[in-house]
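**Student:**
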Amino acid sequence: MCGIVGYTGRRDAQPILLEGIARLEYRGYDSSGLATVNGKLYVRKAVGRVAELRKIVQTQPLAGTSGICHTRWATHGNVTEANAHPHLGGDGAVAVVHNGVIENYDTLKRELQAQGIKFKSQTDTEVIAHLIASFLDSSPLPPGEGLGVRALVDAVRRALPHLKGTYGLAVISPRFPNVIVGARLGSPLVVGLGDGENFLASDASALVGHTKRVIYLEDNQICVLAPERADILDANAASAHAEVHTLESAPGDADRGDFEHFMIKEIYEQPEVIERAMAGRLDEAEATAHFGGLNLDPQQLRQVERLIMTACGTSYHAALIGEHLFEQFARMPVEVEYASEFRYRNPPIERNTIVVGITQSGETADTLAALRESKRKGQHTIGICNVVGSSIAREVDGGVFLHAGPEIGVASTKAFTAQVTVLTLLAVHFGRMRHLSYQAGARILNELQAMPDILRATLKCHDQVAEIARKYHHVANMLYLGRQYLFPMALEGALKLKEISYIHAEGYPAAEMKHGPIALVDENTPSVFLVPHGNVYDKVMSNLEEIKARGGPVIAIATKDDVHVEAKADDIIHVPSVPEYLQPLVTAIPLQLLAYHIALLRGCDIDKPRNLAKSVTVE
Ligand code: G6P
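As numbered in the working numbering, residues 258 to 876 make up the sequence shown, in order.
(1) How many whole angstroms separate the CB atoms of Tyr573 and Tyr595, which I take to be in contact at a CB cut-off of 8 Å?
(2) Measure how close the beta-carbons of Leu801 and Val788 come, nearest whole angstrom, since I'm counting them as under 8 Å.
(3) Which stretch, first to last residue, makes up the alpha helix (DSSP H) that contains Gly466?
(4) With the cut-off set at 9 Å, would you say Leu702 and Glu541 are in Cβ contact?
(5) Can you check whether the CB of Leu474 is closer than 9 Å to the CB of Gly439?
(6) Which value, in whole angstroms, describes the spacing of the CA atoms of Gly277 and Val530?
(7) Taking only three categories from DSSP, how would you classify Ala303?
(8) Do the region 486-493 and the region 651-665 touch if we need at least three Cβ pairs shorter than 8 Å?
(9) For the beta strand (DSSP E) containing His387, name the first residue and the last one.
(10) Do the CB positions of Ser758 and Ala870 come within less than 9 Å of each other?
(11) Is the beta carbon of Cys569 within less than 8 Å of some heavy atom of the ligand ADP?
(12) Could you tell me whether the Cβ atoms of Leu551 and Gly619 are closer together than 9 Å?
(13) Within 10 angstroms of the Cβ of Ala458, are there 16 or more other Cβ atoms? Answer buried if so, exposed if not.
(14) For the beta strand (DSSP E) that Thr844 lies in, which residues bound it at each end?
(15) The ligand G6P and Ala870: does the residue's C-beta get closer than 8 Å to at least one heavy atom of that ligand?
(16) What number of angstroms, rounded off, separates the C-alpha of Ala461 from the C-alpha of Val644?
(17) Hey, is Glu756 close to the ligand G6P, as in C-beta under 8 Å from one of its heavy atoms?
(18) Among Val358, Glu383 and Gly357, which has the Cα closest to the Cα of Lys366?
(19) Heavy atom of the ligand G6P less than 8 Å from the Cβ of Ser572, yes or no?
(20) If you run the structure through DSSP and keep just helix, strand and coil, what is His327?
(21) Buried or exposed, going by whether 16 or more other CB atoms sit within 10 Å of the CB of Ser694?
(22) What number of angstroms, rounded off, separates the C-alpha of His547 from the C-alpha of Leu682?
(23) Is the beta carbon of Ile641 closer than 9 Å to that of Leu842?
(24) Can you tell which of Arg432, His637 and Leu274 has the C-alpha that lies nearest to the C-alpha of Arg608?
(25) Would Ala352 and Ser430 qualify as a contact pair, given that the criterion is a beta-carbon distance under 9 Å?
(26) At which residue ranges does the region 643-677 contain complete beta strand (DSSP E) runs of 3 or more residues, listed in the order of the chain?
(27) For His761, which residues in the same chain have their Cβ closer than 6 Å to its Cβ, ignoring the five residues on either side in sequence?
(28) Buried or exposed, going by whether 16 or more other CB atoms sit within 10 Å of the CB of Glu505?
The following block contains the structure:
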């Protein structure tokens, strides 16, 4: 979490930095801050959104053609101005912005305090600033530009081995005007190459409109940026290999258009998103799907016996659906693990198991670490990822992109449906090499191709859902219940509601609710039942009756024309009739819309819910 932007060139740094950091607000928005060098070091900070910082610099602008900027998601220390970055070391000899967590900061802080250094914040980052400043003071090299810059690089390089944890750092110093030193371990940093100017950012979206030429910094690399040059160094300060990538941008994708929020725009994009997730991958002649980037030849693919899927948040729910899909179509065992748990376990993993990381951002720290751990143990890793150029996309052995376009709303919507679509195609791909017949493969492809139009039809439930939201937006608790393919959707529906409306919600397997959650049921606790027609319809209907018998209001998401459920439920949302394996896609829409409208009525900040961040780059 946290976003970093740096600029050095000939233009005024402040507007470039502010524009860049505003694009990185999805990484956290507790506070923000800016520092420029203009003879001296100048700093401005504000609690809250980047808009608050903008207000401050409108009245107290910062001059200077180089600087660094930060948007914070608090880890250590409250949300206060003192804890906002940049943090200074050596009485303003250096300013540092940081994304990551320094786990041994307490020990380092005590050591520095013992040397008489006074701390101004409660953050872990401030130790980095003081450490660098102390090494700078003891440097034998003279300050200044050119060769003298080595003194700053050296100070950063000497400070880094003391840090235990993760960091993406940008450092400036008034002693080295126009120079930015960056360093990365575990938290992403990208260098943007301009003409007479260079940039540094947590991700390339901050560079839009300035440059398309980028270098992704690797772990343990350091970058030294000046207007006319960008050097990439290894941990010993020797020149390191750096590949220049050209960014593809999709203009307009990051605009809200006529929609009030990104979330609702992204909900409405889903028919096109799943079309794009399928594009170029369907092979109707062979009744299968193809993927160019798995980097396994057909023989290796046939030898895969088991999959481990690992992910966080909404992506974890997509993985749970993937488990059902692989079981049904490929008859393959799948284990689904929270990445944060999996990374610290040491389960025996047989050969011929591949590890699949599912992630929208490609930057989630736990998912990245789980995949690295798997690679270390010799597993082939695959990333199902939305962001091209992200850490996970670059590090896995093979991958599949979602092509969902930028997802800006913090609560994931379109990336989720794209993940489920890709997992369905992957299950068909593996299935067709095993037990899945030509006829079954062909039928699934046909059914999938009908889904964009079916989702367009599903979106027509919007007004009905908005009406239901008006009835229930004041409640304090809600239950979401479903079985089989729709149990992960119960989890996802509850997560959506929690994330953006701050109503407590629990997703549960519909029958399992008898073992605990049913105790919560009363006339003020509605249950959302996922009950479209299918194998377990009658079973779920019995669970619905059990809730009704205890006076709990029921909102049913059911197949169009289901008169039976209409007679039982208090409120009903109709979805088109589809095979069970596609029910997650059609039920996603009313679940997302319900959370959206309830949050809207409660006056919540839908695209930037409190305490959350879109890209969770700390563990
Ligand atoms: C955060 C976001 C969620 C997302 C999760 C995993 O919690 O707010 O929307 O599902 O991270 O992110 P990933 O990018 O790995 O899918």
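All residues carry an ideal CB built from backbone N, CA and C; glycine is no exception.
Model, not experiment: these values are computed from the prediction.
**Tutor:** Let me spell this out:
(1) For the purposes of this step, residue 573 is identified with residue 316 of the sequence shown, where counting begins at 1. For the purposes of this step, residue 595 is identified with residue 338 of the sequence shown, where counting begins at 1. Yes, Tyr573 and Tyr595 are in contact; Cβ-Cβ is about 6 Å, under 8 Å.
(2) Residue 801 sits at position 544 when you count from the first residue of the sequence shown. Residue 788 sits at position 531 when you count from the first residue of the sequence shown. Leu801 to Val788, Cβ: 6 Å. Contact.
(3) Counting from 1 along the sequence shown, the entry for residue 466 is found at position 209. Per DSSP, Gly466 belongs to no alpha helix (DSSP H) and is neither H nor E.
(4) Locating residue 702 in the sequence shown gives position 445, where the first residue counts as 1. Locating residue 541 in the sequence shown gives position 284, where the first residue counts as 1. Result yes, Cβ atoms of Leu702 and Glu541 sit closer than 9 Å.
(5) Walking along the sequence shown from the start, residue 439 turns up at place 182. Walking along the sequence shown from the start, residue 474 turns up at place 217. Cβ distance < 9 Å, so Gly439 and Leu474 count as in contact.
(6) The residue you call residue 277 lines up with position 20 of the sequence shown. The residue you call residue 530 lines up with position 273 of the sequence shown. Straight-line Cα distance between these residues: approximately 26 Å.
(7) Along the sequence shown, one-based indexing puts residue 303 at 46. Assignment of Ala303 by DSSP, reduced to helix, strand and coil, places it in the strand class.
(8) No, the region 486-493 is not in contact with the region 651-665.
(9) Here residue 387 refers to the residue found at position 130 when the sequence shown is read from its first residue. Unbroken run through His387 is the alpha helix (DSSP H), Thr382 to Asp394; no beta strand (DSSP E).
(10) As a working note, residue 758 is residue 501 in the sequence shown. As a working note, residue 870 is residue 613 in the sequence shown. No, the Cβ-Cβ distance between Ser758 and Ala870 is not below 9 Å.
(11) Annotation note on the ligand ADP: not contained in the displayed structure, which lists the ligand G6P as its ligands.
(12) The count along the sequence shown starts at 1 and reaches residue 551 at position 294. The count along the sequence shown starts at 1 and reaches residue 619 at position 362. Taking 9 Å as the Cβ cut-off, Leu551 and Gly619 do not qualify as a contacting pair.
(13) Sequence index remark: in the sequence shown, residue 458 carries index 201 (1-based). The residue is buried, with at least 16 neighbouring Cβ atoms inside 10 Å.
(14) For this step, residue 844 is matched to residue 587 along the sequence shown. No beta strand (DSSP E) holds Thr844; the alpha helix (DSSP H) holding it covers Gln840 to Leu858.
(15) Here the question's residue 870 lines up with position 613 in the sequence shown. Result yes, Cβ under 8 Å from the ligand G6P.
(16) Taking the first residue of the sequence shown as position 1, residue 461 is located at position 204. Taking the first residue of the sequence shown as position 1, residue 644 is located at position 387. C-alpha separation (whole angstroms): 10 Å.
(17) Taking the sequence shown and counting its residues from 1, one reaches residue 756 at position 499. Using a cutoff of 8 Å, the CB of Glu756 counts as near the ligand G6P, since one of the ligand's heavy atoms is closer than that.
(18) Indexing the sequence shown from 1 puts residue 366 at position 109. It is Glu383 whose Cα lies nearest to the Cα of Lys366.
(19) Sequence index remark: in the sequence shown, residue 572 carries index 315 (1-based). At least one heavy atom of the ligand G6P is nearer than 8 Å to the Cβ of Ser572, so yes.
(20) For the purposes of this step, residue 327 is taken as the residue at position 70 of the sequence shown. Of the three classes helix, strand and coil, the one that applies to His327 here is strand, per DSSP.
(21) Start at 1 with the first residue of the sequence shown, and residue 694 comes out as number 437. Counting Cβ neighbours within 10 Å, Ser694 comes out exposed, since fewer than 16 surround it.
(22) Counting from one through the sequence shown, the residue named residue 547 turns up at place 290. Counting from one through the sequence shown, the residue named residue 682 turns up at place 425. One C-alpha to the other measures close to 8 Å.
(23) Walking along the sequence shown from the start, residue 842 turns up at place 585. Walking along the sequence shown from the start, residue 641 turns up at place 384. No; because the gap between Cβ atoms is not below 9 Å, this pair is not in contact.
(24) Numbered from its first residue, the sequence shown carries residue 608 at position 351. Selection Arg432, His637 and Leu274 evaluated against Arg608 yields His637 as nearest (Cα-Cα).
(25) Start at 1 with the first residue of the sequence shown, and residue 352 comes out as number 95. Start at 1 with the first residue of the sequence shown, and residue 430 comes out as number 173. Contact flag set, yes.
(26) 655-658
(27) Along the sequence shown, one-based indexing puts residue 761 at 504. Counting only Cβ-Cβ distances below 6 Å, and skipping sequence neighbours, we find Asn734.
(28) Mapped onto the sequence shown, residue 505 falls at position 248. Exposed is the call here.
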